[in-house]
Amino acid sequence: MKGARTGCCSLATEFAVKYTGEQRCLTKPLVALSAATHSSQSRRSMDILFLLIPLSVVLVLLVGLAFWWSVRSGQFDDLKGPAHRILDDDDAPGEDDSG
C-alpha cells in the first residue's frame, strides 16, 4: 500500500522531516521541534496584529462617529417622552376608529 504508515514513530518522523528536514524517529516531536517551529509560529501570530490593530481602530472610529451623530441629531434629548406617550390615551371613550 502506498503511503501506509509502518511502526510507531512514522507519524513523528513525517512531522520531523516536514519541519526540520531531519529523518529520525522522534517519540516526542513537539518537544524536539519546539525550537525549530517557535520562530515561525510567533512570526505568524504577530503578523495578525498588523491586521487586527488597524481594524480595531477603524471600528472604534466608526462607533465614535455613530455616537457623535446620534448626540448631534437629538437622539438622546428626550428619553422619558416616548415612554409616557405610549401611556397617554388619545382615544375618547366610545369612539370607534373603523369609521
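Note that our numbering gives residue 70 to position 67 of the sequence shown, counting from 1, and the numbers run on in steps of one. Here a beta-carbon is modelled for each residue, glycine too, at the ideal position from N, C-alpha and C.
Which residues in the same chain as residue i place their Cβ atom closer than 7 angstroms to its Cβ, once the five residues preceding and following it in sequence are excluded?
{"i": "Met4", "result": "Confidence is the limiting factor: at Met4 the pLDDT is only 46, short of 50, which leaves the residue's position unreliable, though a coordinate-based value still follows. Once the five neighbours on either side are set aside, Met4 has no close Cβ partner at all."}
Which class does residue i belong to by DSSP, given the choice of helix, strand or coil?
{"i": "Lys83", "result": "coil"}
{"i": "Gly77", "result": "coil"}
{"i": "Leu64", "result": "helix"}
{"i": "Ile89", "result": "coil"}
{"i": "Ile51", "result": "coil"}
So, at 8 angstroms on beta carbons, what are the nonlocal neighbours of residue i in its own chain, with the 5 sequence-adjacent residues on each side left out?
{"i": "Trp71", "result": "none"}
{"i": "Ser73", "result": "Phe79"}
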